[in-house]
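Student: Got a structure here, written out as structure tokens. Questions coming.
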Amino acid sequence: MLSPKLLSLLESFSKYNLNRFRKFLLSPLYNENQSLIALFDNVDTFLRQEELKATPKFKQLDKKVVWKNLFGRAPYNDAHLRRLCSELLQLAYTFLYLEDCRSAEAQEKLVLLRYFKSPAMEKHFRGIFRQAKALQERDCQMGGQQYFYAYQLEQALHQQLEEGVDSMDDFTHLEQADVQLDRFYYAQKLKHYCDALGYENFLSQKPEITLPQGFIGQLELSGLLEEPLLRAYYLVARMLSHPEEERHFFNLKALFFRNHTNFAPEERQTLYIHLKNYCIHKKINAGVSAYFSELFDIFKQGMESGLLLKAEVLDPQDYKNIITVGLYVREFDWVERFIQQFTAQLPEANQENALTYNLAKVYFHKEQYEKVIEQLREVEYKSLVYALGGKLMLLKTYFELGEFLAMDSLIDSFRIYLRRKKEISREVRQQYLNVLRFVKKLSAVDTRNKEAIAKIQKEVEACTALAAKKWILEKIGEMG
């Protein structure tokens with residue numbers, strides 16, 4: 006088999022990049038070995054053919070076939086072919102680096118400024134500096150990288166001035182460079198510290214990242230907290246290290262939604278996640294159910310401001326969480342509008358049945374049971390999650406309506422479905438079979454027989470493998 010390392014890298018290239026890489030290989034500046042172009046063409050043809058196959062890809066490109074394509078009847082030389090693969094791999098690395106440089110316009114300006122810092126190149130320096138400042142003004146959002154870029158610009162201008170005079174008397178740019186460096190340092194240090202605190206929520210180990218002694222006090226006295234981004238990370242640090250002091254959360258939430266459009270995208274996303282995770286891990290998981298409303302408000306503002314859409318696509322997990330939390334806080338009308346408006350923003354593979362199933366969930370919570378039946382009765386789900394959820398919801402709906410004949414029929418068909426679907430794990434199958442068993446018992450029990458109801462309740466409470474356990478206990482409670 007030809008080099009798996011080379012194949013896996015080139016397989017990751019888009020068609021656009023494959024075409025550009027071939028042009029790169031044709032440039033004598035980077036490659037004068039025609040065998041490398043021929044080797045690439047063999048790999049490229051193979052990858053494109055594999056892409057057209059309906060069956061899973063098995064990247065087995067035979068080395069001797071490639072050798073014959075390259076060198077005809079020449080005796081096979083494994084060491085030579087491996088060397089060619091290694092050289093092509095290194096050229097692919099160089100190509101990726103150069104492609105990144107092409108897109109990093111700001112870094113290009115900084116490299117040129119360093120090159121043109123001598124007095125003889127002042128005209129070039131000034132022209133490039135104007136372009137660099139224009140880029141900075143165009144990308145005026147607050148972020149660690151933006152602070153560092155501003156530092157590098159001010160530092161470059163100071164060094165250029167220093168080269169041209171015998172005695173410096175203007176340190177404005179050096180002073181500004183120092184201010185930007187402070188902003189960068191404090192922002193990054195706080196960001197890393199906050200990430201470490203955040204990892205405590207769901208990992209047994211966390212990074213060994215601490216703040217230097219007196220760091221917070223020095224920051225508070227520095228005046229840098231006037232900068233919204235630095236203040237935001239400062240509030241995250243206070244919020245996560247002292248979760249009982251809820252004012253930090255509310256101050257951060259207000260600051261974030263007031264300034265989020267001024268934050269760089271990577272900072273915006275990080276701060277949003279910290280707000281969300283505080284509600285979940287520090288409050289809701291600790292039993293403070295009032296924070297469901299705060300979490301819903303964060304989701305709601307995140308959707309209304311476009312924060313949760315990446316290239317106009319909504320993450321399926323965010324979609325699911327928004328619906329779950331919205332239903333919990335009984336914002337039924339908002340959730341219904343959300344489902345109608347944003348289901349089409351899911352990745353295409355996640356859209357099928359999402360609208361029907363989730364609207365049915367809303368109607369179930371609104372106790373509009375006839376609408377639930379309309380949504381679910383004729384739908385065939387390809388997704389196992391939706392199929393199980395839809396059948397369970399329909400079962401609960403028939404029970405709520407007292408439609409026991411329809412419910413019994415569904416129980417029979419649901420049991421057959423669970424036994425026939427081999428991809429359902431044994432644990433999940435048992436959870437749903439137990440639901441069918443207990444719902445059947447509840448539908449048949451005499452509501453006047455308190456002893457029989459109490460016996461079923463004990464069985465339900467003792468059952469560890471049971472989907473919809475909370476709902477079943479609620480129904481038992483209503484009978485009592």
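For our numbering, add 5 to where a residue sits in the sequence shown, where the first one is 1.
C-beta atoms are modelled at their ideal positions from N, C-alpha and C, and glycine is treated no differently.
Since the model is a prediction, treat every value here as computed from it, not as a measurement.
Going by the beta-carbon positions, is the gap between residue 283 and residue 248 smaller than 8 Å?
Tutor: Result yes, Cβ atoms of residue 283 and residue 248 sit closer than 8 Å.
Student: Please name the residue in 190, 168, 456, 162 whose C-alpha comes closest to that of residue 177.
Tutor: Ranking the options by Cα distance to residue 177, first place goes to 162.
Student: Terminal residues of the continuous alpha helix (DSSP H) containing residue 484?
Tutor: Segment 474 to 484, the alpha helix (DSSP H) holding residue 484.
Student: Once you ignore the five residues that flank residue 92 on each side, which residues in its own chain have a CB closer than 8 Å to its CB?
Tutor: The residues are 38, 41.
Student: What's the call for residue 98, buried or exposed, on a 16-neighbour Cβ count within 10 Å?
Tutor: When all chains shown are included, residue 98 counts as exposed.
Student: Just reading off the alpha helix (DSSP H) that residue 83 is part of, what are its end residues?
Tutor: Per DSSP, residue 83 belongs to the alpha helix (DSSP H) from 83 to 108.
Student: If you reduce the DSSP assignment to three classes, tell me which class residue 351 lands in.
Tutor: Reduced to three states, the DSSP call for residue 351 is coil.
Student: Between the C-alpha atoms of residue 67 and residue 56, what's the straight-line distance to the nearest angstrom?
Tutor: Residue 67 and residue 56: Cα-Cα distance of roughly 17 Å.
Student: Taking 7 Å as the limit between beta carbons, can you name the residues of its chain near residue 264, skipping five residues before and five after?
Tutor: Closer than 7 Å at Cβ, skipping near neighbours: 233.
Student: For residue 312 and residue 35, I'd like the C-alpha separation in whole angstroms.
Tutor: Roughly 42 Å between the two C-alpha positions.
Student: Could you tell me if residue 188 is buried or exposed, where buried requires 16 or more neighbouring beta carbons within 10 angstroms of its beta carbon?
Tutor: Under this definition residue 188 is a buried residue.
Student: Rounded C-beta distance between residue 350 and residue 314? I'm assuming under 8 Å.
Tutor: Contact holds; Cβ gap of about 6 Å.
Student: Quick one: grab the DSSP three-state call for residue 6.
Tutor: Residue state, collapsed to three classes: coil.
Student: To which residues does DSSP link residue 268 through a beta bridge?
Tutor: Note: residue 268 sits in a beta bridge opposite 147.
Student: Does at least one heavy atom of the ligand PLP sit under 7 Å from the Cβ of residue 106?
Tutor: Looking for the ligand PLP in the displayed structure turns up nothing, as the structure carries no ligands at all.
Student: Can you list, in chain order, the residues of its chain with a C-beta nearer than 6 Å to that of residue 61? Leave out the 5 residues immediately preceding and following it.
Tutor: Because the pLDDT at residue 61 is just 46, under 50, the model does not fix this residue reliably, and the value given afterwards should be weighed accordingly. Correct list: empty, nothing qualifies.
Student: What residues are listed by DSSP as bridge partners for residue 318?
Tutor: According to DSSP, residue 318 bridges with 315.
Student: What's the C-alpha gap between residue 8 and residue 82?
Tutor: In a straight line, the C-alpha of residue 8 is about 14 Å away from that of residue 82.
Student: Among residues of its own chain, excluding the 5 on either side of residue 230, which ones have a beta-carbon nearer than 7 Å to its beta-carbon?
Tutor: Taken in chain order, the residues that qualify are 224, 236, 239.
Student: Whole alpha helix (DSSP H) runs in the stretch 323 to 350 with 4 or more residues, listed along the chain?
Tutor: Those alpha helix (DSSP H) runs which fall completely within the stretch 323 to 350 and span 4+ residues are 337 to 347.
Student: Just list the alpha helix (DSSP H) runs in the stretch 232 to 306, keeping only unbroken ones of 4 residues or longer that don't cross its boundaries, in chain order.
Tutor: With a minimum length of 4 residues, the continuous alpha helix (DSSP H) runs that stay inside the stretch 232 to 306 are 233 to 246, 252 to 264, 270 to 282.
Student: Which whole-angstrom value describes the C-beta separation of residue 94 and residue 11, a residue pair presumed to lie in contact below a C-beta threshold of 8 Å?
Tutor: About 5 Å separates the two Cβ atoms, so the contact holds.
Student: Go to residue 221, then tell me how far its alpha helix (DSSP H) extends in each direction, as first and last residue.
Tutor: Counting along the chain, the alpha helix (DSSP H) containing residue 221 begins and ends at 220 to 227.
Student: What residue from 122, 149, 157, 409 has the CA that sits closest to residue 138's CA?
Tutor: The candidate whose alpha carbon is nearest that of residue 138 is 157.
Student: Is the beta carbon of residue 109 sitting closer than 8 Å to the one on residue 154?
Tutor: In this structure, residue 154 does not lie closer than 8 Å to residue 109 by Cβ.
Student: In chain order, what are the residue ranges of uninterrupted alpha helix (DSSP H) at least 4 long that sit wholly in the stretch 142 to 210?
Tutor: Counting only runs of 4 or more, we get 149 to 169, 177 to 204.
Student: Could you work out which residue in 78, 54, 397 is closest to residue 439 when comparing CA atoms only?
Tutor: Checking every option, the nearest Cα to that of residue 439 belongs to 397.
Student: Straight-line CA distance for residue 366 to residue 463?
Tutor: Looking at the two C-alpha atoms, the distance is approximately 28 Å.
Student: When the Cα atoms are used, what is the spatial distance from residue 356 to residue 399?
Tutor: Going by the C-alpha atoms only, they are around 21 Å apart.
Student: Among 166, 103, 104, which one has its Cα closest to the Cα of residue 123?
Tutor: Closest by alpha carbon: 166.
Student: Go ahead and label residue 105 buried or exposed: buried means 16 or more other beta carbons lie within 10 angstroms of its beta carbon, across all protein chains shown.
Tutor: Looking at its Cβ environment, which holds fewer than 16 other Cβ atoms inside 10 Å, residue 105 is exposed.
Student: Secondary structure at residue 67, three-state DSSP: helix, strand or coil?
Tutor: The answer is coil: DSSP assigns residue 67 none of H, G, I, E or B.
Student: How would you write the range of the alpha helix (DSSP H) that residue 374 sits in, first residue to last?
Tutor: From DSSP, the alpha helix (DSSP H) with residue 374 extends over 374 to 381.
Student: How is residue 31 classed by DSSP in three states: helix, strand or coil?
Tutor: Reduced to three states, the DSSP call for residue 31 is helix.
Student: Just to check my reading of the structure: residue 300 and residue 281 have Cβ atoms closer than 8 Å, yes? What is that Cβ distance to the nearest angstrom?
Tutor: Right, the Cβ-Cβ distance comes to about 7 Å (below 8 Å), so this counts as a contact.
Student: When we look at the beta-carbon of residue 362 and count the other beta-carbons within 10 Å, is it buried (16 or more) or exposed?
Tutor: Buried.
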